[in-house]
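Just add 592 to wherever you are in the sequence shown, counting from 1, and you've got my numbering.
Heads up, the beta-carbon is just placed ideally off N, CA and C, and yes, glycines get one too.
Before any comments, here is the structure.
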Amino acid sequence: MKIVRKNKKDKERREVYKHAEKMKNMYKMLRRNELLDQETRNYFNMKLIGSTKDSSISRIKNRCIETGRSRGIISAYRISRLRFREYMKLGLISGVKKRSY
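So, in structure tokens, the structure goes:
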């Protein structure tokens, strides 16, 4: 249950960021538009400053899609290093071989 909640929360944050990023880019564009009067540009500047914490990319944390673990994530597969090692041993990940030096 805990894993599902963490992954759900992460997914929600990603969606919030995705929407907020579009809005931020629009506000930045309108703020820089010199054809608009200063009052309108200031309005968009205030909208840009007043954005929420969840709209920041730093709030997004890469998590394992199976376990919800937040550390040691193999980003290409979106799973933790522990699951990656387990699947590698079982031969479930193609093209990966164990190395020894």
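Quiz item: Any idea if Ile671 is buried or exposed, counting beta-carbon neighbours within 10 angstroms, 16 or more meaning buried?
Solution: buried
Practice problem: With a cut-off of 8 Å on the beta carbons, I'd call Ile666 and Arg655 a contact; round off their distance for me. | Solution: Their Cβ separation, rounded to whole angstroms, is 12 Å, which puts Ile666 and Arg655 out of contact at 8 Å.
Exercise. Could you tell me which residues DSSP pairs with Ile666 in its beta bridges?
Key: Ile671
Practice problem: Provide the residue span of the alpha helix (DSSP H) that contains Leu640, from first to last. | Solution: Gln630 to Ile641
Exercise. Please classify Ile649: does DSSP put it in a helix, a strand, or coil?
Key: helix
Quiz item: Near Val688, what residues of its chain come up, given a Cβ to Cβ distance below 6 Å and the 5 sequence neighbours on each side ignored?
Solution: Met680
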